Amino acid sequence: MQVRYFREWSSQLNRMMEFKMYGHSGKLCLVIPCQNGRFFEWEDRQMFDLVSEYIDNGSIQFVTCDTIDTEAWSSHGSTYDRMRKQEAWNNYIVQELMPSALYKAGLDAQSTCMVTGASLGASHAANLAFRYPYLFDQCLALSGLYDFEPAWYYDAYRDEFSYNNNPCAYLSNLDPNHPYAHKYSENQIIICCGQGNWEQEGLETVHRLKQILDSKNIHIWIDIWGQDVYHDWPWWETQLKYFIPKMIEWAYK
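Residue numbers are given in numbering that gives the first Met the number 0: position 123 of the sequence shown equals residue 122, and the series is strictly consecutive.
Structure below.
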């Protein structure tokens with residue numbers, strides 16, 4: 000498996016940002032780490048070994064990024080400051096990292112990509128897939144939160160940046176005739192969650208998300224696993240092995 004390390008300047012975040020790439024050809028998949036995680040998290044967890052056959056045969060390649068969760072979602076600062084930093088990170092991903100990674104992957108600048116993550120990484124992944132459906136046409140979100148209003152992430156302050164980083168908020172106001180509504184159904188968006196320990200908060204937001212999308216006739220793949228399926232790496236490993244072949248099949252259909 001080809002593995003490459005990069006460190007590049009981000010004008011959006013005003014700092015150097017590190018990332019790694021895995022594989023030599025195939026559709027590009029962005030991997031977002033868990034809350035406060037680093038770009039090497041999936042490598043340390045040997046996640047790529049689980050799907051190495053698809054990397055080695057050139058069906059898929061991965062790029063792993065850093066977040067700025069410690070300054071945004073995990074910070075105890077004001078919502079005003081935190082959500083502006085989160086929006087800057089979104090811009091970094093879309094305007095800087097993905098164009099650079101697509102070039103390094105030997106793919107056309109207009110190529111569509113996959114995005115995946117677990118826990119808060121899944122929340123980031125789904126947010127990117129819903130906000131940028133013409134870039135990320137495939138998403139695998141494992142055990143994420145999709146409505147931050149009931150959670151502890153906000154103080155009393157709200158503005159366009161907190162709104163635009165809360166999928167249930169902006170999707171609830173989406174016009175069913177908006178081009179994005181059709182695009183979501185056309186894309187492959189997979190939201191997976193268990194019903195075991197530590198999944199309840201996320202599961203409740205999955206149900207809210209489904210209700211919103213159903214009301215607008217938007218169809219995505221929501222997959223609820225059993226009551227033994229808990230919020231931790233052993234199940235995310237199992238889910239990755241289950242879904243990646245299906246995503247590759249969809250990508251080349």
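Backbone N, C-alpha and C fix where the C-beta goes; we use that ideal spot for every residue, glycine too.
Keep in mind the model is a prediction, meaning the values are calculated, not measured.
Straight-line gap, residue i to residue j (C-alpha atoms, nearest Å)
i       : j       : result
Tyr-131 : Gly-120 : 16 Å
Pro-178 : Ser-184 : 10 Å
Asp-222 : Met-113 : 18 Å
Pro-175 : Cys-167 : 14 Å
Gly-143 : Thr-63  : 18 Å
Asn-186 : Asp-136 : 5 Å
Gln-94  : Ser-77  : 26 Å
His-181 : Leu-101 : 26 Å
Trp-41  : Asn-89  : 20 Å
Phe-47  : Ala-117 : 14 Å
Tyr-229 : Glu-236 : 12 Å
Ser-256 : His-123 : Only positions 0 to 252 of the chain appear in this structure, which leaves residue 256 out of reach.
Asn-196 : Trp-232 : 13 Å
Tyr-241 : Glu-148 : 31 Å
Cys-192 : Lys-209 : 12 Å
Whole-number beta carbon distance between residue j and residue i, since they are thought to touch under 8 Å
i       : j       : result
Lys-19  : Phe-38  : 6 Å
Asp-146 : Thr-204 : 4 Å
Gln-194 : Gly-225 : 6 Å
Gln-34  : Asp-68  : 5 Å
Beta-carbon gap between residue i and residue j smaller than 9 Å
i       : j       : result
Met-246 : Ile-189 : yes
Glu-86  : Phe-5   : no
Arg-81  : Trp-72  : yes
Leu-139 : Ile-243 : yes
Tyr-133 : Thr-115 : no
Gln-45  : Leu-141 : no
Ala-104 : Gly-201 : no
Asp-43  : Met-0   : no
Tyr-53  : Tyr-156 : no
Closest Cα partner of residue i within the set the options
i       : options                        : result
Cys-28  : Phe-61, Ile-219, Leu-96        : Phe-61
Leu-170 : Lys-240, Arg-44, Ser-214       : Ser-214
Trp-249 : Ser-58, Arg-44, Val-30         : Ser-58
Met-16  : Asn-56, Arg-3, Tyr-91, Cys-192 : Tyr-91
Margin query: For a minimum of 3 consecutive residues, which ranges assigned as the beta strand (DSSP E) are wholly contained in the stretch 109-183?
Written below: 112-117, 135-141
Note to self: Going residue by residue through the stretch 3-56, where are the continuous beta strand (DSSP E) segments of at least 3 residues, counting only ones entirely within it?
What the structure shows: Taking 3 residues as the shortest admissible run, the stretch 3-56 contains the following complete beta strand (DSSP E) segments, listed from N- to C-terminal end: 14-21, 26-31.
Next item on the list: Starting from the N-terminal side, write out each stretch of the beta strand (DSSP E) that is 3 residues or longer and does not extend beyond the stretch 54-107.
Entry: Unbroken beta strand (DSSP E) runs of no fewer than 3 residues, entirely contained in the stretch 54-107, are found at 59-63, following chain order.
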